[in-house]
Amino acid sequence: MEFAFTEEQVMIRDTAASFLADVSNSEAIREAMATEQGYSTALWQRICSELYFQAVTIPEEFGGMGLGYVELVAVMEQMGRYVVCAPYFSTVCLASSALLVAANEAQQATYFGKILDGGTATLAFTGNGQWHADGVTAEYRRDGEQFIVDGDYRYVIDGHTSDSLVIAAREQGGDKLALFVLPADTAGVERTWRPTLDQTRKQADIRCNGVVLSAENLMSDDAAEPLAKIVDLATVCLAAEQMGGSQQVLDMTVEYTKERVQFNRPVASFQAVKHQAADMMSRAEASRSGVYYAACIAQEALIDGPLGGELREAASIAKSFVSEAYFKNAGDALQLHGGVGFTWEYDVHLYFKRAKASEHYLGNAAYHRERLATLLLD
Amino acid sequence: MKLSFSAADEQFRIEVATWLEENLVGEFAQLRYRGGPGDEHMFPEERKRWEQKLAEGGWTCVGWPKEHGGRGCSIEQQVIFHEEYARAGAPGHVGHIGEGLAGPTIIAFGSAAQQAKYLPGIVAGKELWCQGYSEPGAGSDLANVKTKAHFDEQKQQWVINGQKVWTSLAHESDYCFVIARTDPDSVAHKGLGFFLVKMDQPGVEVRGIEQLTGTSEFNEVFFDDAVCAADDIVGEPGQGWAVAMGLLGFERGVSTLGQQMQFQNELNQVITLAKENGAASDPVIRQRIAEAHAGLKIMRYNSMRTLSGADDGSLQKEALMYKLFWATWHRDLGELAMDVMGPEAEMLDGGPYELSRLQSMYLFVRSDTIYGGTNEIQRNIIAERGLGMPREPRVTIKPQ
Numbered sequence: 001m002e003f004a005f006t007e008e009q010v011m012i013r014d015t016a017a018s019f020l021a022d023v024s025n026s027e028a029i030r031e032a033m034a035t036e037q038g039y040s041t042a043l044w045q046r047i048c049s050e051l052y053f054q055a056v057t058i059p060e061e062f063g064g065m066g067l068g069y070v071e072l073v074a075v076m077e078q079m080g081r082y083v084v085c086a087p088y089f090s091t092v093c094l095a096s097s098a099l100l101v102a103a104n105e106a107q108q109a110t111y112f113g114k115i116l117d118g119g120t121a122t123l124a125f126t127g128n129g130q131w132h133a134d135g136v137t138a139e140y141r142r143d144g145e146q147f148i149v150d151g152d153y154r155y156v157i158d159g160h161t162s163d164s165l166v167i168a169a170r171e172q173g174g175d176k177l178a179l180f181v182l183p184a185d186t187a188g189v190e191r192t193w194r195p196t197l198d199q200t201r202k203q204a205d206i207r208c209n210g211v212v213l214s215a216e217n218l219m220s221d222d223a224a225e226p227l228a229k230i231v232d233l234a235t236v237c238l239a240a241e242q243m244g245g246s247q248q249v250l251d252m253t254v255e256y257t258k259e260r261v262q263f264n265r266p267v268a269s270f271q272a273v274k275h276q277a278a279d280m281m282s283r284a285e286a287s288r289s290g291v292y293y294a295a296c297i298a299q300e301a302l303i304d305g306p307l308g309g310e311l312r313e314a315a316s317i318a319k320s321f322v323s324e325a326y327f328k329n330a331g332d333a334l335q336l337h338g339g340v341g342f343t344w345e346y347d348v349h350l351y352f353k354r355a356k357a358s359e360h361y362l363g364n365a366a367y368h369r370e371r372l373a374t375l376l377l378d
Numbered sequence: 001m002k003l004s005f006s007a008a009d010e011q012f013r014i015e016v017a018t019w020l021e022e023n024l025v026g027e028f029a030q031l032r033y034r035g036g037p038g039d040e041h042m043f044p045e046e047r048k049r050w051e052q053k054l055a056e057g058g059w060t061c062v063g064w065p066k067e068h069g070g071r072g073c074s075i076e077q078q079v080i081f082h083e084e085y086a087r088a089g090a091p092g093h094v095g096h097i098g099e100g101l102a103g104p105t106i107i108a109f110g111s112a113a114q115q116a117k118y119l120p121g122i123v124a125g126k127e128l129w130c131q132g133y134s135e136p137g138a139g140s141d142l143a144n145v146k147t148k149a150h151f152d153e154q155k156q157q158w159v160i161n162g163q164k165v166w167t168s169l170a171h172e173s174d175y176c177f178v179i180a181r182t183d184p185d186s187v188a189h190k191g192l193g194f195f196l197v198k199m200d201q202p203g204v205e206v207r208g209i210e211q212l213t214g215t216s217e218f219n220e221v222f223f224d225d226a227v228c229a230a231d232d233i234v235g236e237p238g239q240g241w242a243v244a245m246g247l248l249g250f251e252r253g254v255s256t257l258g259q260q261m262q263f264q265n266e267l268n269q270v271i272t273l274a275k276e277n278g279a280a281s282d283p284v285i286r287q288r289i290a291e292a293h294a295g296l297k298i299m300r301y302n303s304m305r306t307l308s309g310a311d312d313g314s315l316q317k318e319a320l321m322y323k324l325f326w327a328t329w330h331r332d333l334g335e336l337a338m339d340v341m342g343p344e345a346e347m348l349d350g351g352p353y354e355l356s357r358l359q360s361m362y363l364f365v366r367s368d369t370i371y372g373g374t375n376e377i378q379r380n381i382i383a384e385r386g387l388g389m390p391r392e393p394r395v396t397i398k399p400q
């Protein structure tokens, strides 16, 4: 069986791991999270120029690496392990996925070009916190050859800093859904940073006040299905990041409990501690299996392969399982670190907060289980 | 990373499915979905005949090398065989201990004479085996072996005394592989021997243990001067532990995918029932069914990862956590089944204690987190071998 990384995929994973472990250390994370921008421009440029990871899924004809979601997931796992503060998820997992699924060739040439040059981008679709088409509350109307977009978007990852935006809007008085791509500085686009509990990933509100767009900006005016696919692809990426976090808090905990001595022996030798750690490992490994499978399915879905129809199910299996696994692991890590786990100084709280933020983003476990229940029971 | 099987393997899948379709008929039709865990006591004679039917078709020991009478199937083909076997609802193998444990041990560690003597009976589905590892009081501490074996120089044979427990299908078995202490002064895993013991002899007594399901598929086995020929010890005296454990590192768990197909059959029963009785509209039940479905799929992906890993006997983390994961999942499925049944879960169909399949499953799955190493022991193994956490200090309590 070949349900394992190829040599090339292992190389990508290891490159990401060694680079990110080095640059996204505790000090760097803390520096970045204290700013409104939320990341270091220099680090983002290094990710783009030295690793070229912004190009992972961009087809070769546009100058990208032409790889797929298995490779992207390998990178995202490491992004999660090192809580990298960079607009990677927004640019590559959200915006590039949208461009891959729904943009025409001219739009892809333009916007992939910007991303390859180190530009950032994101996807804005929900106005009410629902993670599917019903969440789209912004509206558009046609005015001759033009489209006028009005409405609000919430929970937009890196929305206040992105250079480009992909936005969803529903037809005023109709039932069509459209996707547009536009420069973030388009007239009428108002962006507001919203401070968040998890400081390591920034969110913004975006308001469109009569934003005038043209056919050049329209990606699709029949976008319900493409949007669902884009969100599912991004969900798989986010699950990969969560899985990486689950693994990292486990590693941190094992290391800490082996060093920490109480009652004349390392606390890692107590069964009460070992059993919790074993459960953490079990969750991390099960998460890994779920995420890798979903990554293969995501790739199949992108190229319309035979198993592509499983995307919705695979994404929900991965996201529902990993959301709870990461949060439990982060909570257990905090507990097993004892008093120091509760301090600002130790990194555990960064993971604990990221775990909850990621659990909610793109639908929590209950939401994804209900999606599965619909497939199974209705 | 790829997920699909080759065209040749898919052809093999059709071959397996077709054979099962054509042969699981007549007297064997009643065996569909029977004889699995918790149901192993059912239809013993019919299932023995089924085992021989399988052998006629060449469907026993499919993963064994051809020179030992197996089919020499690749990992992929073994997976496919087990999946299709379970999908067809074919009955639990009465020969699974011989095929999965005794045979592979004899292939790996046995002499040519032992291989010639014992393997054909397993392949033919005619000689059944049971496993003499566990002892009363030893629990998950398998090395705590008190059964003794000494060599009678005069008669040139081994003489075995002691007791084994939780011995599945001992009452149906022709042979038992027994771990016994060859060096009376030894402790733990040292000084053991691995013996191939004939069950039908005066010194062996089998007593059924009644389970909380009201049925019994496992037993106590008493050895009272039971004998075993000089050349029926596998490996050297004193090296029995290495024989008993040696295989486990290479056991890649191909059959786990078949086990999951059985789980899928059970989950399907629960889903069908939930749709019929309206439980499927209960939001909490919906969540739990979805969670069970996700867990089962993850189990499958986890097995695929294990089977894709290095074939060098190294311990992979996903393989280490597998028992804990599936046993806990299966236990939860039993509870879910009862909760989907609602008040009807308490009602028996008849007889003094005649359980439906789901009722029986609900009770039986409580053993899954106990046998083969309890969840607690599994967590120790995961922590120590998977995470490199230190052992607890061992305290030796002197016997009173």
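Chains as they are written, first to last, in full-length UniProt numbering: chain A, 1 to 378; chain B, 1 to 400. Backbone N, C-alpha and C fix where the C-beta goes; we use that ideal spot for every residue, glycine too. Values in this document were obtained by computation on a predicted structure and should not be read as measured data.
Uninterrupted beta strand (DSSP E) stretches inside the UniProt domain "Acyl-CoA oxidase/dehydrogenase middle" (130 to 225) of chain B (no shorter than 3 residues): 148 to 152, 157 to 168, 175 to 181, 192 to 198 and 204 to 208
Residues that B/GLY92 contacts on chain A, provided the C-beta gap is smaller than 8 Å: Here residue 92 of chain B refers to the residue found at position 92 of the second sequence. In chain order: nothing, as chain A lies at least about 25 Å away.
Residue of A/PRO306, A/GLY363, A/SER40 and A/LEU250 minimising C-alpha distance to A/GLN276: Looking up residue 276 of chain A in the first sequence gives position 276. Checked all of A/PRO306, A/GLY363, A/SER40 and A/LEU250; the closest Cα to A/GLN276 is A/LEU250.
CB contact below 7 Å: A/LEU362 versus chain B: Residue mapping note: residue 362 of chain A aligns to position 362 of the first sequence, counting from 1. No, A/LEU362 does not count as interfacial toward chain B.
Check whether A/VAL84 and A/LEU20 have beta carbons under 7 Å apart: Working through the first sequence from its first residue, we reach residue 84 of chain A at position 84. Working through the first sequence from its first residue, we reach residue 20 of chain A at position 20. Yes. Within cutoff.
For A/PHE352, three-class secondary structure by DSSP: As a working mapping, residue 352 of chain A is identified with position 352 in the first sequence. Note: A/PHE352 maps to helix in three-state DSSP.
7 Å Cβ cutoff met for A/ALA234 and A/SER97: Position 234 of the first sequence holds residue 234 of chain A. Position 97 of the first sequence holds residue 97 of chain A. Yes, they are a contact pair.
Chain-ordered residues of the region 277 to 291 of chain B with a beta carbon less than 7 Å from chain A: ALA280, ARG286, GLN287, ILE289, ALA290 and GLU291
7 Å Cβ cutoff met for B/GLY240 and B/LEU273: Taking the first residue of the second sequence as 1, we reach residue 240 of chain B at position 240. Taking the first residue of the second sequence as 1, we reach residue 273 of chain B at position 273. The answer is no: Cβ separation not under 7 Å.
Residue-chain proximity (B/ASN302, chain A), Cβ-Cβ < 7 Å: If you number the second sequence from 1, residue 302 of chain B lands on position 302. Yes, B/ASN302 lies at the interface with chain A (some Cβ there is under 7 Å from its Cβ).
Cβ-based neighbour list, A/LYS258, same chain, cut-off 8 Å, excluding 5 preceding and 5 following: Numbered from its first residue, the first sequence carries residue 258 of chain A at position 258. For A/LYS258, where only same-chain residues beyond five positions count, the Cβ hits under 8 Å are PRO266 and ALA268.
Own chain residues within Cβ distance below 6 Å of A/ALA298, not counting five before or after: Within the first sequence, residue 298 of chain A is the residue found at index 298, counting from 1. Taken in chain order, the residues that qualify are TYR69, LEU233 and VAL236.
A/VAL211 - partner residues in DSSP beta bridges: Residue mapping note: residue 211 of chain A aligns to position 211 of the first sequence, counting from 1. A/VAL149.
Neighbourhood of A/ARG369 by C-beta distance below 7 Å, restricted to the same chain and skipping five residues each side: Position 369 of the first sequence holds residue 369 of chain A. Taken in chain order, the residues that qualify are SER320.
Other residues of its chain near B/TYR133: CB distance less than 8 Å, five sequence neighbours each side excluded: For the purposes of this step, residue 133 of chain B is taken as residue 133 along the second sequence, with counting starting at 1. Cβ neighbours of B/TYR133 beyond the five flanking positions: LEU142, LYS164, ILE179 and ALA244.
Neighbour-count burial assignment, A/GLN203, 16 or more Cβ in a 10 Å radius: For the purposes of this step, residue 203 of chain A is identified with residue 203 of the first sequence, where counting begins at 1. Under this definition A/GLN203 is a buried residue.
Proximal residues to B/ALA383 (C-beta, below 8 Å), its chain only, five neighbours per side dropped: Counted from its first residue, the second sequence places residue 383 of chain B at position 383. So the qualifying residues of the chain are MET389.
Reference B/TYR362; option with closest CA among B/ASN380, B/VAL340, B/GLY63 and B/ALA8: For the purposes of this step, residue 362 of chain B is taken as residue 362 along the second sequence, with counting starting at 1. Nearest option by C-alpha distance: B/VAL340.
Local Cβ density within 10 Å of A/PHE263, reported as buried at 16 or more and exposed below that: To locate residue 263 of chain A, count along the first sequence from 1; it is residue 263. Exposed: under 16 other Cβ atoms inside 10 Å.
Which of helix, strand or coil DSSP assigns to A/ILE303: As a first step, residue 303 of chain A is located in the first sequence; it is residue number 303 there, counting from the start. Residue state, collapsed to three classes: coil.
Contact with chain B by A/GLY290, beta-carbon distance below 7 Å: What you label residue 290 of chain A is simply residue 290 of the first sequence in a count that begins at 1. Yes - at least one Cβ of chain B is within 7 Å of the one on A/GLY290.
For B/PRO91 and B/GLY35, the rounded distance between their alpha carbons: As a first step, residue 35 of chain B must be located in the second sequence, where it is residue number 35. As a first step, residue 91 of chain B must be located in the second sequence, where it is residue number 91. Whole-angstrom Cα-Cα distance: 5 Å.
Between the CA atoms of B/ALA280 and B/GLN30 - distance to the nearest angstrom: Mapped onto the second sequence, residue 30 of chain B falls at position 30. Mapped onto the second sequence, residue 280 of chain B falls at position 280. Cα-Cα distance, rounded: 30 Å.
Proximity test, Cβ basis, 7 Å: A/LYS328 and chain B: Locating residue 328 of chain A in the first sequence gives position 328, counting from the first residue. Closer than 7 Å: no.
Helix, strand or coil at A/MET219 [DSSP, three-state]: Working through the first sequence from its first residue, we reach residue 219 of chain A at position 219. Residue state, collapsed to three classes: strand.
The region 292 to 309 of chain B in contact with the region 321 to 328 of chain B per 3-pair CB rule at 8 Å: yes
Cβ neighbour criterion (16 or more within 10 Å) applied to residue 401 of chain B: In the structure as shown, chain B begins at 1 and stops at 400. Residue 401 of chain B is therefore absent and cannot be evaluated.
C-alpha distance - B/LEU146 paired with B/TRP158, whole-angstrom precision: For this step, residue 146 of chain B is matched to residue 146 along the second sequence. For this step, residue 158 of chain B is matched to residue 158 along the second sequence. It is Lys, not Leu, that sits at residue 146 of chain B in the sequence shown. Roughly 16 Å between the two C-alpha positions.
Chain-ordered chain B contacts of A/THR6 [CB-CB under 8 Å]: Residue mapping note: residue 6 of chain A aligns to position 6 of the first sequence, counting from 1. Result: MET1.
Alpha-carbon spacing of A/GLY278 relative to A/ASP332, whole angstroms: Taking the first sequence and counting its residues from 1, the one referred to as residue 278 of chain A is at position 278. Taking the first sequence and counting its residues from 1, the one referred to as residue 332 of chain A is at position 332. At residue 278 of chain A the sequence reads Ala, which differs from the Gly that was named. Taking the straight line from one Cα to the other gives about 11 Å.
Under 7 Å (Cβ pairs) to chain A, residues found in the region 323 to 335 of chain B: LEU324 and PHE325
Of the listed residues A/TYR52, A/SER24 and A/PHE53, nearest to A/TYR39 (C-alpha basis): Translated into the one-based positions of the first sequence, residue 39 of chain A becomes position 39. Closest by alpha carbon: A/SER24.
Residue from A/TYR361, A/TYR111, A/GLY338 and A/ARG142 with nearest C-alpha to A/THR196: As a position in the first sequence, residue 196 of chain A is number 196, starting the count at 1. Among A/TYR361, A/TYR111, A/GLY338 and A/ARG142, the Cα nearest to that of A/THR196 belongs to A/TYR361.
Whether A/VAL92 touches A/GLN54 by CB criterion (7 Å): Locating residue 92 of chain A in the first sequence gives position 92, where the first residue counts as 1. Locating residue 54 of chain A in the first sequence gives position 54, where the first residue counts as 1. It is a contact, given that the beta carbons lie within the stated cut-off.
Of the residues A/TRP131, A/ALA138 and A/LEU165, the one placed nearest A/THR120, counting alpha carbons only: Position 120 of the first sequence holds residue 120 of chain A. The residue with the shortest Cα to Cα distance from A/THR120 is A/LEU165.
B/GLY309: contacting residues in chain A (beta-carbon distance under 8 Å): In the second sequence, the residue the question calls residue 309 of chain B occupies position 309. Those within 8 Å of B/GLY309 in chain A are ALA4.
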